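Chemist: Once you've had a glance at the structure underneath, I'll fire off some questions.
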Amino acid sequence: MGHDMSEEEIQKHVRIYMFVFGALLTLTVITVAASYLHHVVPMSVSIAIALLIAIVKGSLVACYFMHLIDERKMIYLALILTAFFFLGLLLLPFLTNLDQVQT
Amino acid sequence: MSSEIPYTVDARPDTGLNNVKIGIWLFLASEVMLFGSFFASYILLRVGAAPGTWPEGASILNVPLAFVNTVVLITSSVTMVMAWASLKRKSLSKYKLYMGLTILCGVTFMVIKAIEYNSKFAHHPPLLPSTSTFLAIYFTMTGLHALHVVGGSAVNAYLWGPGSKLWKSDPEMFTNRVEAAGLFWHLVDLIWIFLFPVLYLL
């Protein structure tokens, strides 16, 4: 997004920012409302719903506010590598359960 | 031949990106790994806790305050991107307005966080990081995030005040700096988007 932009292009961007802003606020309200679901559905379902909404919100911020949607290939490559190691890090606690060697 | 990385806003022919853009994204990648290690710790502690002992966040923490803070941070992300868009429109006055609002949101977030922390410390008995594993990970993760808000606000304040003098001499480089600061600020917002449900709602 380093290039010069026409007034029309900027206006188009601003409209998208406002739409994303509205979507983020709506999703935040839904997140809080959905948190009360754990009284009627299993906790695992409640966690999945909350994380799914958080992922959608995070994607909106990354794609539109951080302009990832029209970023260069090199940034994507760096982020794919980051995502790989990040997921590995999150899976570590579960991988420890695979170690069933009893000493 | 100089080994110094040139500070220019020109895109490199091989990557199509300027050095600032590559640098800030690599820094953000390291930040993702930093917070990733804490999220992994949270999962390990929660999964490893004895059944029924992990508290529900809402029973200890103040959800309405955290909700307001979420709205404040999302709003600050919009004002930040509007500040950048104002520079693209060549309007320094609009930039100052939006960047000022972003700083105000950052300060508001910290004031609310301070109220929240204070209520924990003033509780009888006090709710401290040493009180429980849940509170230990809560204070660690939100404290680290709050440090990022303070750091980001300091950079934003510099770019709003003395740093904005660069606009007169080199507007393109100044816009580039604001874009880099904005990317960091949006990441701070993005991390909170995950911290809020994980700590407060689940």
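Residue numbers (the working numbering), protein chains in the order written: chain D, 1 to 103; chain C, 1 to 202. Where a beta carbon is used, it is the ideal one built from N, C-alpha and C, also for glycine. Fair warning: this is a prediction, and the values are worked out from it, not measured in the lab.
Counting only beta-carbon separations shorter than 8 Å, does Arg89 (chain C) have a partner in chain D?
Modeler: Numbered from its first residue, the second sequence carries residue 89 (chain C) at position 89. Yes, its Cβ sits closer than 8 Å to a Cβ of chain D.
Chemist: Assuming Ile193 (chain C) and Lys57 (chain D) form a contact by the criterion Cβ under 8 Å, report the distance between their Cβ atoms to the nearest whole angstrom.
Modeler: Here residue 193 (chain C) refers to the residue found at position 193 when the second sequence is read from its first residue. Here residue 57 (chain D) refers to the residue found at position 57 when the first sequence is read from its first residue. Yes, they are in contact, since the Cβ atoms of Ile193 (chain C) and Lys57 (chain D) sit about 5 Å apart, within 8 Å.
Chemist: Give the residues of chain C in contact with Val41 (chain D), contact being defined as C-beta atoms less than 9 Å apart.
Modeler: Counting from one through the first sequence, the residue named residue 41 (chain D) turns up at place 41. Near Val41 (chain D) there are no residues of chain C at all, since even the closest Cβ is about 13 Å away, more than 9 Å.
Chemist: Does the count of Cβ pairs from the region 59-69 of chain D and the region 180-198 of chain C closer than 8 Å reach three?
Modeler: yes
Chemist: Do you know how far the Cα of His145 (chain C) is from the Cα of Lys113 (chain C)?
Modeler: The residue labelled residue 113 (chain C) in the question sits at position 113 within the second sequence. The residue labelled residue 145 (chain C) in the question sits at position 145 within the second sequence. Their Cα atoms are separated by approximately 11 Å.
Chemist: Tell me the start and end of each unbroken beta strand (DSSP E) in the region 9-58 of chain C that is at least 3 residues and wholly inside, in chain order.
Modeler: Listed in chain order, there is nothing to give.
Chemist: Since Arg89 (chain C) is in the alpha helix (DSSP H), which residue starts that stretch and which ends it?
Modeler: If you number the second sequence from 1, residue 89 (chain C) lands on position 89. Run containing Arg89 (chain C): none; DSSP gives neither H nor E here.
Chemist: Mind the definition here: the region 23-40 of chain C touches the region 82-94 of chain D only if three or more C-beta pairs lie below 8 Å; say whether that holds.
Modeler: yes
Chemist: Give the secondary structure of Glu71 (chain D) by DSSP, where H, G and I count as helix, E and B as strand, and everything else as coil.
Modeler: On the first sequence, residue 71 (chain D) is found 71 positions in, with the first residue counted as 1. Looking at Glu71 (chain D) - three-state DSSP - the assignment turns out to be coil, as it is neither helix nor strand.
Chemist: For the putative contact between Met141 (chain C) and Leu104 (chain C), defined by C-beta atoms under 8 Å, what is the C-beta separation to the nearest angstrom?
Modeler: Reading the second sequence from its first residue, position 141 is the one you call residue 141 (chain C). Reading the second sequence from its first residue, position 104 is the one you call residue 104 (chain C). Going by Cβ atoms, the distance from Met141 (chain C) to Leu104 (chain C) rounds to 25 Å, so no, they are not a contact pair.
Chemist: Around the Cβ of Pro197 (chain C), are there at least 16 other Cβ atoms within 10 angstroms (buried) or fewer (exposed)?
Modeler: Residue 197 (chain C) sits at position 197 when you count from the first residue of the second sequence. Per the 10 Å Cβ criterion, buried.
Chemist: Please report the straight-line C-alpha distance between Pro162 (chain C) and Phe174 (chain C), rounded to a whole angstrom.
Modeler: Working through the second sequence from its first residue, we reach residue 162 (chain C) at position 162. Working through the second sequence from its first residue, we reach residue 174 (chain C) at position 174. Roughly 12 Å between the two C-alpha positions.
Chemist: What residues of chain C sit near Val32 (chain D), judged by a beta carbon separation below 8 Å?
Modeler: Position 32 of the first sequence, counted from the start, is the residue given in the question as residue 32 (chain D). Those within 8 Å of Val32 (chain D) in chain C are Val63, Phe67 and Leu201.
Chemist: Please report how far the alpha carbon of Ile30 (chain D) lies from the alpha carbon of Phe109 (chain C), in whole angstroms.
Modeler: For this step, residue 30 (chain D) is matched to residue 30 along the first sequence. For this step, residue 109 (chain C) is matched to residue 109 along the second sequence. Ile30 (chain D) and Phe109 (chain C): Cα-Cα distance of roughly 21 Å.
Chemist: From this set, C:Leu202, C:Leu190 and C:Leu201, which residue's C-alpha is nearest Val72 (chain C)'s C-alpha?
Modeler: By one-based count along the second sequence, residue 72 (chain C) stands at place 72. Nearest option by C-alpha distance: C:Leu190.
Chemist: Between the C-alpha atoms of Tyr7 (chain C) and Val20 (chain C), what's the straight-line distance to the nearest angstrom?
Modeler: Here residue 7 (chain C) refers to the residue found at position 7 when the second sequence is read from its first residue. Here residue 20 (chain C) refers to the residue found at position 20 when the second sequence is read from its first residue. Roughly 8 Å separates the two Cα atoms.
Chemist: Given that Val78 (chain C) touches chain D, what residues does it touch there, using C-beta distances under 7 Å?
Modeler: For the purposes of this step, residue 78 (chain C) is taken as residue 78 along the second sequence, with counting starting at 1. Result: Tyr17 and Phe21.
Chemist: With a threshold of 6 Å on Cβ separation, who are the neighbours of Ser46 (chain D) within its own chain once the five nearest residues in sequence on each side are excluded?
Modeler: On the first sequence, position 46 is the one that residue 46 (chain D) refers to. Cβ neighbours of Ser46 (chain D) beyond the five flanking positions: Leu37 and His38.
Chemist: What first and last residue would you give for the alpha helix (DSSP H) that runs through Glu9 (chain D)?
Modeler: Within the first sequence, numbered from 1, the residue matching residue 9 (chain D) stands at position 9. Element bounds for Glu9 (chain D): Glu7 to Ser35.
Chemist: Once the 5 residues before and after Pro126 (chain C) are set aside, which same chain residues still bring their CB inside 8 Å of it?
Modeler: Position 126 of the second sequence, counting from 1, holds the residue named residue 126 (chain C). Same-chain partners within the cutoff: Lys120.
Chemist: Is there at least one Cβ from chain D nearer than 8 Å to Ile137 (chain C)'s Cβ?
Modeler: By one-based count along the second sequence, residue 137 (chain C) stands at place 137. Not one chain D Cβ lies under 8 Å of Ile137 (chain C).
Chemist: Under the three-state reduction of DSSP, which class applies to Glu179 (chain C): helix, strand or coil?
Modeler: Your numbering for residue 179 (chain C) matches position 179 in the second sequence. Correct three-state label for Glu179 (chain C): helix.
Chemist: So what does DSSP say about Ile49 (chain D), is it helix, strand or coil?
Modeler: Indexing the first sequence from 1 puts residue 49 (chain D) at position 49. Ile49 (chain D): helix per DSSP, three-state reduction.
Chemist: Indicate the three-state DSSP secondary structure (helix, strand or coil) for Thr108 (chain C) in the structure shown.
Modeler: Working through the second sequence from its first residue, we reach residue 108 (chain C) at position 108. It is helical.
Chemist: Based on Cα-Cα distance, which residue from D:His13, D:Tyr76, D:Ala33 and D:Gly88 lies nearest to Pro64 (chain C)?
Modeler: Along the second sequence, read from residue 1 onward, the residue named residue 64 (chain C) stands at position 64. With distances taken between Cα atoms, Pro64 (chain C) lies closest to D:Ala33.
Chemist: Does any residue of chain D bring its CB to less than 8 Å from the CB of Met99 (chain C)?
Modeler: Working through the second sequence from its first residue, we reach residue 99 (chain C) at position 99. Under the 8 Å criterion on CB atoms, Met99 (chain C) is classed as non-interfacial with respect to chain D.
Chemist: Report the residues of the region 68-85 of chain D with a CB closer than 9 Å to any CB of chain C, ordered along the chain.
Modeler: Listed by position along the chain: Glu71, Arg72, Lys73, Met74, Ile75, Ala78, Leu79, Leu81, Thr82, Ala83 and Phe85.
Chemist: Against chain D, with Cβ distances strictly below 8 Å, would Met33 (chain C) count as a contact?
Modeler: Sequence index remark: in the second sequence, residue 33 (chain C) carries index 33 (1-based). Cβ-Cβ to chain D under 8 Å: yes for Met33 (chain C).
Chemist: Can you confirm whether Lys57 (chain D), when its beta carbon is compared against all beta carbons of chain C, has any partner nearer than 8 Å?
Modeler: For the purposes of this step, residue 57 (chain D) is taken as residue 57 along the first sequence, with counting starting at 1. So, interface residue.
Chemist: How many Å lie between Phe27 (chain C) and Val155 (chain C) at the Cα?
Modeler: The count along the second sequence starts at 1 and reaches residue 27 (chain C) at position 27. The count along the second sequence starts at 1 and reaches residue 155 (chain C) at position 155. The straight-line gap from Cα to Cα measures roughly 15 Å.
Chemist: Please determine, among C:Gly57, C:Lys168, C:His123 and C:Leu17, the residue with the shortest C-alpha to C-alpha distance to Leu87 (chain C).
Modeler: Numbered from its first residue, the second sequence carries residue 87 (chain C) at position 87. By alpha-carbon distance to Leu87 (chain C), the top candidate from C:Gly57, C:Lys168, C:His123 and C:Leu17 is C:Lys168.
Chemist: Closest Cβ-Cβ distance between Ala114 (chain C) and chain D: below 8 Å?
Modeler: Residue mapping note: residue 114 (chain C) aligns to position 114 of the second sequence, counting from 1. The C-beta of Ala114 (chain C) comes no closer than 8 Å to any C-beta of chain D.
Chemist: Note the first and the last residue of the continuous alpha helix (DSSP H) segment covering Lys168 (chain C).
Modeler: Position 168 of the second sequence, counting from 1, holds the residue named residue 168 (chain C). According to the DSSP assignment, Lys168 (chain C) belongs to the alpha helix (DSSP H) that extends over Leu166 to Ser169.
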